[in-house]
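Novice: Following the UniProt record's numbering, the residues of the sequence shown are numbered contiguously, the last one being 170.
The structure's right below; bear with me while I get my questions together.
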Amino acid sequence: MTKSTSFAMDDRHKLNNSAFLEIENLVKSYPKNDGGEFVVLDNVNLTVGEDEYISVIGHSGCGKSTLLKMDEPFGALDALTRGKLQRQVLDIWENHRQAVMMITHDVDEAIYMSDRIILMTNGPAAKIGEILEVPFSHPRDRAYMRNSEKYYELRNYALNFLERNFTTDE
1 MTKSTSFAMD
11 DRHKLNNSAF
21 LEIENLVKSY
31 PKNDGGEFVV
41 LDNVNLTVGE
51 DEYISVIGHS
61 GCGKSTLLKM
71 DEPFGALDAL
81 TRGKLQRQVL
91 DIWENHRQAV
101 MMITHDVDEA
111 IYMSDRIILM
121 TNGPAAKIGE
131 ILEVPFSHPR
141 DRAYMRNSEK
151 YYELRNYALN
161 FLERNFTTDE
């Protein structure tokens, strides 16, 4: 389900990604009586699937201390669209260094998008199984990474962890 919504705040400085959002025609400013401005994020589309969500957590909802939490945000997309959006999220992060926590079941996506991968144990009482450091610097280059031996070592290590901890003999 896609919902169009608007967010408002008192000052543009609270809107960390205002330049990016202006390019996307999502920011509108209105003058206030006291000489300041009232900033509105207008016509923002949030796609909400059964098991997918994106939420923004922070003091003002858009301040520097904001955490962007993404739960399988690209899961229902085709490979080309997924790759484009992954690159856009990385570009935003590389330009603004906003804290992002992303949940994914795609090992390749985890390696490309993350600095650290937290592998969870199975079941309702899941715990942190291992934390892996991703050995690639920013800006990320998918082609370079996929041609690297380190990429496949990390990928195989993560897949082996998942197979050891989630494979059943049914």
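Every residue, glycine too, gets a C-beta built ideally from N, C-alpha and C.
Just how far apart, CA to CA, sit Tyr-152 and Met-120?
Specialist: As a first step, residue 152 must be located in the sequence shown, where it is residue number 152. As a first step, residue 120 must be located in the sequence shown, where it is residue number 120. The straight-line gap from Cα to Cα measures roughly 20 Å.
Novice: Look up Lys-69 in the DSSP assignment and say whether it is helix, strand or coil.
Specialist: Against the sequence shown, residue 69 aligns to sequence position 69. Note: Lys-69 maps to strand in three-state DSSP.
Novice: Can you give me the C-alpha to C-alpha distance between residue 174 and Pro-124, rounded to a whole angstrom?
Specialist: Absent from the model: residue 174. The displayed extent of the chain is 1 to 170, so no value can be given.
Novice: How would you write the range of the beta strand (DSSP E) that Val-100 sits in, first residue to last?
Specialist: Within the sequence shown, the letter at position 100 stands for residue 100. Where Val-100 is concerned, the enclosing beta strand (DSSP E) stretches over 99-103.
Novice: Which value, in whole angstroms, describes the spacing of the CA atoms of Asp-71 and Ala-110?
Specialist: Here residue 71 corresponds to residue number 71 of the sequence shown, with the count starting at 1. Here residue 110 corresponds to residue number 110 of the sequence shown, with the count starting at 1. Distance between the alpha carbons of Asp-71 and Ala-110: 12 Å.
Novice: Buried or exposed for Gln-98, please, with buried defined as at least 16 other CB atoms from any protein chain shown within 10 angstroms of its CB.
Specialist: Against the sequence shown, residue 98 aligns to sequence position 98. With 16 or more other Cβ atoms within 10 Å, it is buried.
Novice: Can you check the segment 89-143 for any beta strand (DSSP E) of at least 3 residues that lies completely inside it and give the ranges in chain order?
Specialist: Counting only runs of 3 or more, we get 99-103, 116-120, 128-133.
Novice: How many Å lie between Thr-100 and Gln-88 at the Cα?
Specialist: As a working mapping, residue 100 is identified with position 100 in the sequence shown. As a working mapping, residue 88 is identified with position 88 in the sequence shown. Reading off the sequence, residue 100 comes out as Val, not Thr. The alpha-carbon atoms of Val-100 and Gln-88 are separated by roughly 13 Å.
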